[in-house]
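Visitor: Residue numbering for the sequence shown follows the numbering used here, starting at 9 and increasing by one per position.
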Amino acid sequence: MAREPLRLLRATAQRAGTAAVSPLRLIRRISRRFRRPSPHRLLRRPSQTPSPSASFDPTALDPTAPARPLVRAAGLAAVTVLGAWIGLLVVGSVHISVGPMDTRMALRPSLTGGTKINVAPLGALELNSHHAPLRLDVDVDRLDPIRSQALVDHPERLSGLQDEVAGDITRGTLGLAVRSCVAVVFGATALGLAVYRRPRRALAAGGLALTLLTASGGAVYATWNPNSVLEPRYSGLLSSAPSVVGNARSIVTDFDVYQRELARLVTNVTQLYEATSTLPAYQPDPTTMRVLHISDVHLNPAAWHIVQSLVRQYKVNVIIDTGDTMDHGTPAENGFLDPVSDLGAPYVWVRGNHDSASTQRYLAKRKGAHVVDNGDVVTVAGLRIAGIGDPQFTPDRSAAAAGDAAEHSAGRQLAEAIRDREATGAPVDIALAHNPIAARETDGTVPLALTGHVHHRRTEVLPSGTRLMTEGSTGGSGLRAVDDGTPDTVQASVLYLDRDTRRLQAWDEIDLGGLGLAKAEVSRHLPAENRPGATPTPTTP
9 MAREPLRLLR ATAQRAGTAA VSPLRLIRRI SRRFRRPSPH RLLRRPSQTP
59 SPSASFDPTA LDPTAPARPL VRAAGLAAVT VLGAWIGLLV VGSVHISVGP
109 MDTRMALRPS LTGGTKINVA PLGALELNSH HAPLRLDVDV DRLDPIRSQA
159 LVDHPERLSG LQDEVAGDIT RGTLGLAVRS CVAVVFGATA LGLAVYRRPR
209 RALAAGGLAL TLLTASGGAV YATWNPNSVL EPRYSGLLSS APSVVGNARS
259 IVTDFDVYQR ELARLVTNVT QLYEATSTLP AYQPDPTTMR VLHISDVHLN
309 PAAWHIVQSL VRQYKVNVII DTGDTMDHGT PAENGFLDPV SDLGAPYVWV
359 RGNHDSASTQ RYLAKRKGAH VVDNGDVVTV AGLRIAGIGD PQFTPDRSAA
409 AAGDAAEHSA GRQLAEAIRD REATGAPVDI ALAHNPIAAR ETDGTVPLAL
459 TGHVHHRRTE VLPSGTRLMT EGSTGGSGLR AVDDGTPDTV QASVLYLDRD
509 TRRLQAWDEI DLGGLGLAKA EVSRHLPAEN RPGATPTPTT P
């Protein structure tokens with residue numbers, strides 16, 4: 009029993025000795041527990057409290073909240089339009105024979121609509137046929153040599169060509185409509201499937217594309233203008249323009265929109281393909297007179313070459329220049345007028361505000377030139393033409409500008425002279441003045457008044473019935489514009505007048521531009537009284 013306490017004490021001492029060594033371990037354990045964790049441990053340790061921004065879901069708070077329907081609708085519309093456009097580009101065209109030509113017809117997105125007939129390499133015909141977000145493109149691929157030769161060998165077949173062309177175009181249009189529907193649905197559906205990867209959303213895109221195409225077709229039908237074939241806009245080689253546009257007189261008298269004029273266009277294009285280099289001359293109509301209206305040459309020597317070309321290609325009967333041929337009106341400039349005698353047609357001129365009295369006297373002595381002033385009347389190519397020179401001479405800074413009052417006074421003087429001439433039984437056909445302000449005073453005294461001065465083209469019918477035609481600058485605003493580095497468009501017009509009534513039947517507006525002025529745009533226009541279905545205006549012999 010006596011040893012039992014010792015045994016207990018020994019055991020206690022042993023435990024105490026063990027406890028004397030353990031504090032080092034305890035310190036290590038405590039230091040580890042309270043040591044700041046390293047950054048890489050923080051990265052590896054998963055977050056115990058999720059970030060509020062990462063777990064926030066608005067739809068969880070409000071299950072009925074909309075999921076941006078406008079954004080989804082806009083996206084679907086964009087996919088639909090893009091897919092439909094791609095479909096039209098890839099598979100939306102048809103190849104069809106129209107008369108002797110092989111053509112390709114296609115629909116293309118457009119802001120203005122219309123029809124464009126590409127006759128490469130000669131140019132293009134643009135028709136204002138409709139207003140819709142779709143444009144009809146017709147590309148003439150080639151001329152079938154067998155069919156074209158058959159027309160040449162058997163001209164009597166041209167009489168039946170109109171029915172053939174109308175039928176070909178009808179079949180081509182129907183085929184194009186069906187193919188375009190398939191193209192837009194296929195393109196929109198395929199793109200919708202690629203974007204959304206959901207068949208239902210892809211089919212929605214295809215259905216929307218078909219709906220848009222149908223609506224566009226309705227707009228084409230509602231705004232269809234068959235008369236547009238009478239007023240084509242031609243761009244291409246200048247020498248080919250008259251033949252493609254056709255004869256103004258025949259268009260007025262032989263109107264048939266759906267068949268005859270379409271056949272005429274096909275026939276003209278056929279002739280161009282047959283003999284582009286040896287194109288026959290523009291056939292003159294014996295009952296039509298051609299008047300070339302030019303103005304504001306402003307010392308541009310290139311203008312005379314252009315006038316000569318127009319006279320030759322259009323078989324012009326008379327040239328009318330409404331002034332500002334010079335820049336300063338000095339005697340040193342008078343030699344610029346020498347080519348007037350070699351233009352190929354009589355030249356009628358009225359003084360502008362940049363032309364001096366010296367200019368007028370010099371030109372009056374030139375062969376083939378006719379100067380009109382102070383209401384004087386000249387008869388050229390069967391036309392009675394009266395005119396008055398501009399009362400102002402701008403280059404002369406020594407005299408104060410008289411302004412519009414002088415122009416009104418000159419115009420009234422011209423109108424009075426025209427009335428006096430009508431009292432003698434020989435009414436005037438055309439009145440000339442440089443400034444439109446003066447020309448307006450002739451309203452009601454003459455059917456047609458020609459003017460210039462403002463360097464841009466404009467045509468209007470005045471309240472009392474006189475048609476006022478203002479020409480742009482045939483010199484492209486002169487050498488000053490060339491010096492500025494941006495020469496203006498060269499403009500001129502060819503007027504077609506009936507030889508018996510001496511009334512305007514149609515006119516071509518010609519805009520020249522491009523390198524070397526080798527390209528042209530020709531727009532055909534008809535007076536309202538000469539449009540199909542209009543009541544003819546009584547004329548005075």
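We put the beta carbon where it would ideally sit given N, CA and C, even for glycine.
Could you pull the DSSP bridge partners for ARG475 from this structure?
Guide: LEU456, VAL469
Visitor: Within 10 angstroms of the Cβ of ALA230, are there 16 or more other Cβ atoms? Answer buried if so, exposed if not.
Guide: exposed
Visitor: Classify ARG359 as buried or exposed, calling it buried when 16 or more other Cβ atoms lie within 10 Å of its own Cβ.
Guide: Around the C-beta of ARG359, 16 or more other C-beta atoms lie within 10 Å, and the residue is accordingly described as buried.
Visitor: What number of angstroms, rounded off, separates the C-alpha of TRP312 from the C-alpha of MET297?
Guide: 21 Å
Visitor: Leaving out five residues before and five after LEU34 in sequence, what residues of the same chain have Cβ atoms less than 8 Å from its Cβ?
Guide: Summary for LEU34: the model assigns pLDDT 46, below 50, so the residue's position carries little reliability; its value from the coordinates is reported in the next sentence. So the list is empty, once near-sequence residues are dropped.
Visitor: Rounded to whole angstroms, what is the Cα-Cα separation between HIS533 and THR367?
Guide: 34 Å
Visitor: With DSSP as the reference, please indicate the residues paired to ALA514 in a beta bridge.
Guide: TYR504
Visitor: Can you tell me whether DSSP reads ASN342 as helix, strand or coil?
Guide: In the structure shown, ASN342 sits in a helix (DSSP, three-state: H, G or I).
Visitor: If we ignore side chains and look at the alpha-carbon of each, how far apart do VAL127 and TYR242 end up?
Guide: 10 Å
Visitor: Determine the closest residue to VAL228 out of ARG76, PRO347, LEU119, ALA441, with distance taken between C-alpha atoms.
Guide: Across the set ARG76, PRO347, LEU119, ALA441, the C-alpha of LEU119 shows the shortest separation from the C-alpha of VAL228.
Visitor: Beta-carbon within less than 7 Å of GLY452's beta-carbon, same chain only, minus the 5 sequence neighbours each way: which residues are those?
Guide: Residues SER472, GLY473, THR474 of the same chain have their beta carbon placed closer than 7 Å to that of GLY452, with the five preceding and five following residues left out of the count.
Visitor: With 16 as the cutoff for other CB atoms within 10 Å, does VAL190 come out buried or exposed?
Guide: exposed
Visitor: For the segment 77 to 88 against the segment 171 to 186, are there 3 or more C-beta pairs whose distance is under 8 Å?
Guide: At 8 Å Cβ cutoff, the stretches do not touch.
Visitor: Would you list the one or two residues that DSSP bridges to ARG420?
Guide: DSSP, once it has assigned bridges, lists no residue as partnering ARG420.
Visitor: What would DSSP say about GLY331, mapped onto helix, strand or coil?
Guide: coil
Visitor: DSSP three-state label for TYR266, please.
Guide: Residue placement at TYR266 is flagged as unreliable, the pLDDT there being 38, under the threshold of 50; a coordinate-derived value is accordingly withheld.
Visitor: With H, G and I counted as helix, E and B as strand and the rest as coil, what does DSSP make of ALA536?
Guide: In the three-state DSSP reduction, ALA536 falls in the helix class (H, G or I).
Visitor: Quick one: what's got a C-beta closer than 6 Å to SER349's C-beta in the same chain, skipping five residues either side?
Guide: ARG374, LYS375, GLY376
Visitor: How many angstroms separate the CA atom of PRO207 from the CA atom of ARG466?
Guide: 56 Å
Visitor: According to DSSP, what are the bridge partners of TRP357?
Guide: ASP329, VAL379
Visitor: Could you work out which residue in HIS416, ARG427, ALA310, GLY225 is closest to ASP384 when comparing CA atoms only?
Guide: ARG427
Visitor: Please state whether the Cβ-Cβ distance between GLY331 and ASP398 is less than 8 Å.
Guide: yes
Visitor: What separation, rounded to the nearest whole angstrom, lies between the Cα atoms of LEU7 and TRP515?
Guide: Only positions 9 to 549 of the chain appear in the structure, and residue 7 is not among them; the question remains open.
Visitor: Considering just the uninterrupted stretch of the alpha helix (DSSP H) at GLY226, what are its terminal residues?
Guide: 207 to 230
Visitor: Would you kindly report the start and end of the unbroken beta strand (DSSP E) that includes GLY83?
Guide: Here GLY83 belongs to no beta strand (DSSP E); instead the alpha helix (DSSP H) covers 77 to 99.
Visitor: Should TRP232 go down as buried or exposed, given a rule of 16 or more other Cβ atoms within 10 Å for buried?
Guide: exposed
Visitor: Could you tell me whether the Cβ atoms of ILE125 and ALA132 are closer together than 8 Å?
Guide: Yes. Within cutoff.
Visitor: Could you tell me the alpha carbon to alpha carbon distance between HIS336 and ALA174, rounded to whole angstroms?
Guide: 57 Å
Visitor: Taking all protein chains shown into account, decide if ARG143 is buried (16 or more other Cβ within 10 angstroms of its Cβ) or exposed.
Guide: buried
Visitor: Among VAL319, GLU424, GLY91, ALA418, which one has its Cα closest to the Cα of LEU503?
Guide: VAL319
Visitor: Nearest CA to the CA of ASP506: which residue from GLU134, GLY100, ASN325, VAL386?
Guide: Here the closest residue by C-alpha is ASN325.
Visitor: What span of residues does the beta strand (DSSP E) with VAL127 cover, start to end?
Guide: 123 to 127
Visitor: Measuring only the C-alpha atoms, how far is GLY395 from ALA423?
Guide: 9 Å
Visitor: Go ahead and pull the three-state DSSP assignment for GLU449.
Guide: coil
Visitor: Let me confirm a value: ILE328 is counted as buried when at least 16 other C-beta atoms fall within 10 Å, else exposed. Which label applies?
Guide: buried
Visitor: Can you find the residues in the same chain that come closer than 6 Å, C-beta to C-beta, to VAL305, ignoring five residues on each side of it along the sequence?
Guide: ALA311, THR333, THR482, GLY483
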